[in-house]
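First up is the structure itself, then whatever we jot down about it.
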Amino acid sequence: MKLYLKYDINIIFRKIVEEQLDKLEVDYKINGLGEVEFNESLSGNTIKQLTSLLSIYGIDIINDHKSEIVQRIKDAITEMIADSSIEKQFKTSAYLSDRLGYSYTYLSNIFSESTYTSIESFVILKRIDRAKSLILSGQLTLTEVAYTLGYSSVAHLSAQFKKTTGLTPTVFQRIIKERNKELNKL
Amino acid sequence: MNLDALKVVLVDDDEDDRLLFKDAIEEVDINTNLLLFGNGQEFMDYISLSGQPLPHLVFLDLNMPIKDGIQCLTEIRSTSTLKDLSVAIYSTSSSEKDIEQTFIKGANIYINKPSDFSKLKKAIREVLKLNWQYHTSNLNRDTFLLSI
């Protein structure tokens, strides 16, 4: 024998979401179209709990606008650092607002709020990260690395390197070389 | 939005130092979850239990009884499941030789124990911030070194 069932996906969705939200003991309203409204903002732990409660049913919380923007800023910066021609042509602020279509102030505020750091510091961190890999590749002199990354001089690169890592480029290079030897022994 | 608190471990045999560190990290504006251990062996026993979530960052005191910081670091780097752990050496020594040796043994961060509370707070914040960038951004973990 077979039975044929007729069902309404919207009712199922509403029922599941209600059942899970009730477990959290918070006030909420289901607005339809996958939108849920809360009277108070939820703590990180509550959101985490809800995420795992809903994931069993294949329901995901769509990441908020802010984390999406932050990710896009990081991606754009990575691209900028990898292609020095971009940096020579544009200022970081103009490049980012042009790429993402928001004012730099807006982007910069969102970034600082969500990452504990500023866009400027992140750019430096990325640039030093690239400097490290260029130094370790051993194909360029420090002067060439500085030039490639748009520094006005080796001294400027070395100073920023030291400020970011606490080490000079030369000591850094020596440490990584020794460490690789050491790891090979393990 | 980062929902998870940073899981941080401090391994230090000096109880006063542990309490000071705990107070300092609680005052930093980054959400953390701190676990304390009295020596390297205690931490290794804990972390070897299966199903234990890996901390984001481990602070290791250099001089400890039973298992010291360097032994613990060497063990971490030679254990395949722990290889990617960020390790900070937390020590009173400021000798360049000690600093270089710990990096060569695989430490990511070297912190010269600051003399006062506000400096300690500042150093912890700096380290947590940078470590967080390495966890959330596309940066090369193999060349993550910071001496502070």
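Chain order of the listed sequences is U and L. First residue of the first sequence: 1112, per this note's numbering; consecutive thereafter. First residue of the second sequence: 13, per this note's numbering; consecutive thereafter. Where is the CB? At the ideal position from N, CA and C, for every residue including glycine.
What is the DSSP secondary structure of L:E112, reduced to helix, strand or coil? helix
So L:F115 contacts chain U; which residues on that side make the cut at Cβ distance below 7 Å? I1286 and R1290
So which residues of chain L does U:K1185 contact, with C-beta pairs closer than 8 Å? S149 and N150
Which residues DSSP lists as bridging L:N45, in chain order: L:K19
What does a CB cutoff of less than 7 Å around U:N1150 pick up in its chain, not counting 5 residues either side in sequence? D1138
Should U:A1193 go down as buried or exposed, given a rule of 16 or more other Cβ atoms within 10 Å for buried? exposed
Starting from L:E38 and walking both ways along the alpha helix (DSSP H), at which residues does that stretch end? E27 to E39
Apart from the five residues just before and just after L:Y122, which ones in its own chain have a Cβ nearer than 6 Å to its Cβ? I101, I111, T114 and S159
Quick one, are the C-beta atoms of U:L1165 and U:Q1131 less than 8 Å apart? yes
Quick one: grab the DSSP three-state call for L:D73. strand
Can you pull the chain U neighbours of L:L132, defined as C-beta to C-beta under 8 Å? Within chain U, no residue comes near L:L132; the closest Cβ sits about 16 Å away, beyond 8 Å.
Looking at the structure shown, is L:Y122 part of a helix, part of a strand, or coil, going by DSSP? strand
For U:Y1168, which residues in the same chain have their Cβ closer than 7 Å to its Cβ, ignoring the five residues on either side in sequence? I1127
Shorter than 8 Å from the beta carbon of L:T155 to some beta carbon of chain U? yes
With U:V1256 as the anchor, note down where its alpha helix (DSSP H) starts and where it stops. L1253 to T1259
Would you call U:D1119 buried or exposed, if buried means 16 or more other Cβ atoms sit within 10 Å of its Cβ? exposed
Where U:N1142 and U:L1135 are concerned, what is the direct C-alpha to C-alpha distance, given to the nearest angstrom? 18 Å
Amino acids of chain L, ordered along the chain, whose beta-carbon sits closer than 9 Å to that of U:D1194: Result: empty, since nearest Cβ-Cβ is about 15 Å, beyond 9 Å.
Tell me which residues share the same chain as L:L94 and place their Cβ nearer than 6 Å to its Cβ, disregarding the 5 neighbours each side in the sequence. I88
Return the CA-CA distance between L:A17 and L:N45, expressed in angstroms with no decimal places. 6 Å
Reduced DSSP secondary structure (H/G/I, E/B, other) of U:N1345: Coverage of chain U is limited to positions 1112 through 1297, which leaves residue 1345 of chain U absent and any answer about it impossible.
Give the residues of chain L in contact with U:S1244, contact being defined as C-beta atoms less than 9 Å apart. N152 and T155
Could one say the Cβ of U:E1058 lies closer than 8 Å to chain L's Cβ atoms, at least one of them? Residue coverage of chain U in this structure runs from 1112 to 1297, which leaves residue 1058 of chain U outside it and unanswerable.
Taking the alpha-carbon of U:D1175 as reference, which of U:T1254, U:S1225 and U:R1241 has the nearest alpha-carbon? U:S1225
Chain U beta carbons: is any one of them nearer than 8 Å to that of L:L47? no
For the region 1160-1196 of chain U, list the alpha helix (DSSP H) runs that are entirely contained and at least 4 residues long, ordered along the chain. 1176-1193
Three-pair Cβ contact test at 8 Å for the region 144-160 of chain L versus the region 1235-1247 of chain U: yes
Starting from L:I101, follow the alpha helix (DSSP H) in both directions and report where the run begins and ends. Not the alpha helix (DSSP H): L:I101 falls in the beta strand (DSSP E), residues S98 to S103.
With distances taken from CA atoms, which of L:S98, L:L69, L:L97 and L:N51 is nearest L:V21? L:L69
Going by DSSP in three states, L:N143 sits in which element: helix, strand or coil? helix
U:I1141 (DSSP reduced to helix, strand or coil): strand
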